[in-house]
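K.L.:
In this note's numbering, each residue's number is its place in the sequence shown (first place is 1) plus 6.
In this text, a Cβ means the ideal position worked out from N, Cα and C, and glycines have one as well.
Keep in mind that this is a model prediction, so the values were computed, not measured.
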Amino acid sequence: MRTKIQVISSTAVPLPIEHIDTDQIIPARFLKATSREGFGKNLFRDWRYSNDDEAQPNKDFVLNDAKFSGRILLAGKNFGCGSSREHAAWAIKDYGFDVVVSSFFADIFRNNALNNFLLPVQVTEETLAMLMQLILHHPSTEITVDLPAQSIKTADGKVNSGFDISPYKKICLLNGYDDIDYLLSMRDAITAFEQSTHKTFTA
Numbered sequence: 007m008r009t010k011i012q013v014i015s016s017t018a019v020p021l022p023i024e025h026i027d028t029d030q031i032i033p034a035r036f037l038k039a040t041s042r043e044g045f046g047k048n049l050f051r052d053w054r055y056s057n058d059d060e061a062q063p064n065k066d067f068v069l070n071d072a073k074f075s076g077r078i079l080l081a082g083k084n085f086g087c088g089s090s091r092e093h094a095a096w097a098i099k100d101y102g103f104d105v106v107v108s109s110f111f112a113d114i115f116r117n118n119a120l121n122n123f124l125l126p127v128q129v130t131e132e133t134l135a136m137l138m139q140l141i142l143h144h145p146s147t148e149i150t151v152d153l154p155a156q157s158i159k160t161a162d163g164k165v166n167s168g169f170d171i172s173p174y175k176k177i178c179l180l181n182g183y184d185d186i187d188y189l190l191s192m193r194d195a196i197t198a199f200e201q202s203t204h205k206t207f208t209a
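1) Look up Gln139 in the DSSP assignment and say whether it is helix, strand or coil.
2) Within the region 91 to 115, note down every full alpha helix (DSSP H) run reaching 4 residues or more, in order along the chain.
3) Can you tell me whether DSSP reads Tyr55 as helix, strand or coil?
4) For Val129, does the three-state DSSP call read helix, strand or coil?
5) If Val106 sits next to Ala119, beta carbons under 8 Å apart, how far is it from one beta carbon to the other, in whole angstroms?
6) With distances taken between CB atoms, is the gap from Ala94 to Ile11 smaller than 8 Å?
7) By alpha-carbon positions, which one of Val19, Tyr188, Arg91 and Phe199 ends up nearest to His143?
8) Please list the terminal residues of the continuous beta strand (DSSP E) segment that includes Lys176.
9) Measure the alpha-carbon distance for Asp194 versus Leu179 and round it to whole angstroms.
10) Short check: CB of Val129 to CB of Ile78, under 8 Å?
11) Please classify Leu79: does DSSP put it in a helix, a strand, or coil?
12) Helix, strand or coil for Ser15 per DSSP?
13) DSSP puts Pro20 in a beta bridge; with which residues?
14) Just to confirm, is the Cβ distance from Cys87 to Asp170 under 8 Å?
15) Out of Tyr188, Asp100 and Asp187, state which residue places its alpha-carbon closest to the alpha-carbon of Leu49.
16) CB Pro63 to CB Asn57, shorter than 8 Å?
17) Based on the DSSP output, what are the partners of Asp162 in its beta bridges?
18) Quick check on this structure: which residue in Tyr188, Leu80, Leu190 and Glu92 has the alpha carbon closest to the alpha carbon of Phe103?
19) Using C-beta distances below 7 Å, list every residue in its chain close to Lys176, excluding the 5 sequence neighbours before and after it, in chain order.
20) Measuring straight from C-alpha to C-alpha, what distance separates Phe45 and Asp162?
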């Protein structure tokens, strides 16, 4: 799942529901694996299917609507609330989304997403409403999320907004680093510091 995130241009899937909790994202009965892979098939499981039989998809749920697709999920306010299960981020990433856009994220979900190379983009409620309407009425609308520039925009310029992200997490996502990779990338600087400290101490 570890992939660099830089500029993503894609259509999007609209899910205009507020307070989507982690049990809706991935129900607890499917948390049986320790690997991060394979959870995508059960993403929003209780909304996607009429029951546990995959042969009965819920035709009214957006993931079963062929006109919507893409690597960007547009979700309502307070996305990822509820339990702290990291599997929620795993399921979204495993399904094929690289970005979730909302007007507010639960803190634990936001951190889990960033740790799993899933970019949470928080925008104003006005910007989110504009994006929702564009995608709902024009599913072929392409949205560009530019992590280096920290911007999200549509090609027609109707939406052009910035977003915040931790500078440390931005470096990690841009380079495909986890926490250990980041420390290893600083090895030369750490070594130089240790050597300078040692010289000072022994002088």
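P.N.:
On the basis of the data shown:
1) Residue mapping note: residue 139 aligns to position 133 of the sequence shown, counting from 1. Here Gln139 sits in helix by DSSP.
2) 93 to 101
3) Sequence index remark: in the sequence shown, residue 55 carries index 49 (1-based). Tyr55: strand per DSSP, three-state reduction.
4) The residue labelled residue 129 in the question sits at position 123 within the sequence shown. Three-state DSSP puts Val129 in coil, outside helix and strand.
5) The residue labelled residue 106 in the question sits at position 100 within the sequence shown. The residue labelled residue 119 in the question sits at position 113 within the sequence shown. Confirmed, about 7 Å.
6) Here residue 94 refers to the residue found at position 88 of the sequence shown. Here residue 11 refers to the residue found at position 5 of the sequence shown. No, the Cβ-Cβ distance between Ala94 and Ile11 is not below 8 Å.
7) Walking along the sequence shown from the start, residue 143 turns up at place 137. Nearest of Val19, Tyr188, Arg91 and Phe199 to His143, Cα basis: Val19.
8) Position 170 of the sequence shown, counted from the first residue, corresponds to residue 176. Run containing Lys176: none in the beta strand (DSSP E); it sits in the alpha helix (DSSP H), Pro173 to Asn181.
9) Taking the first residue of the sequence shown as position 1, residue 194 is located at position 188. Taking the first residue of the sequence shown as position 1, residue 179 is located at position 173. C-alpha separation (whole angstroms): 21 Å.
10) In the sequence shown, residue 129 corresponds to position 123, counting from 1. In the sequence shown, residue 78 corresponds to position 72, counting from 1. Contact: no.
11) Numbered from its first residue, the sequence shown carries residue 79 at position 73. In the structure shown, Leu79 sits in a strand (DSSP, three-state: E or B).
12) In the sequence shown, counting from the first residue as 1, residue 15 sits at position 9. The answer is strand: DSSP assigns Ser15 an E or B state.
13) Along the sequence shown, one-based indexing puts residue 20 at 14. DSSP, once it has assigned bridges, lists Leu80 as partnering Pro20.
14) Sequence index remark: in the sequence shown, residue 87 carries index 81 (1-based). Sequence index remark: in the sequence shown, residue 170 carries index 164 (1-based). Cβ atoms of Cys87 and Asp170: not closer than 8 Å.
15) Counted from its first residue, the sequence shown places residue 49 at position 43. Checked all of Tyr188, Asp100 and Asp187; the closest Cα to Leu49 is Asp100.
16) The count along the sequence shown starts at 1 and reaches residue 63 at position 57. The count along the sequence shown starts at 1 and reaches residue 57 at position 51. No; because the gap between Cβ atoms is not below 8 Å, this pair is not in contact.
17) Locating residue 162 in the sequence shown gives position 156, where the first residue counts as 1. Asp162 is not bridged to any residue.
18) Looking up residue 103 in the sequence shown gives position 97. Selected option, being the one with the closest Cα: Leu80.
19) For the purposes of this step, residue 176 is identified with residue 170 of the sequence shown, where counting begins at 1. Leu153, listed in sequence order.
20) Sequence index remark: in the sequence shown, residue 45 carries index 39 (1-based). Sequence index remark: in the sequence shown, residue 162 carries index 156 (1-based). Taking the straight line from one Cα to the other gives about 35 Å.
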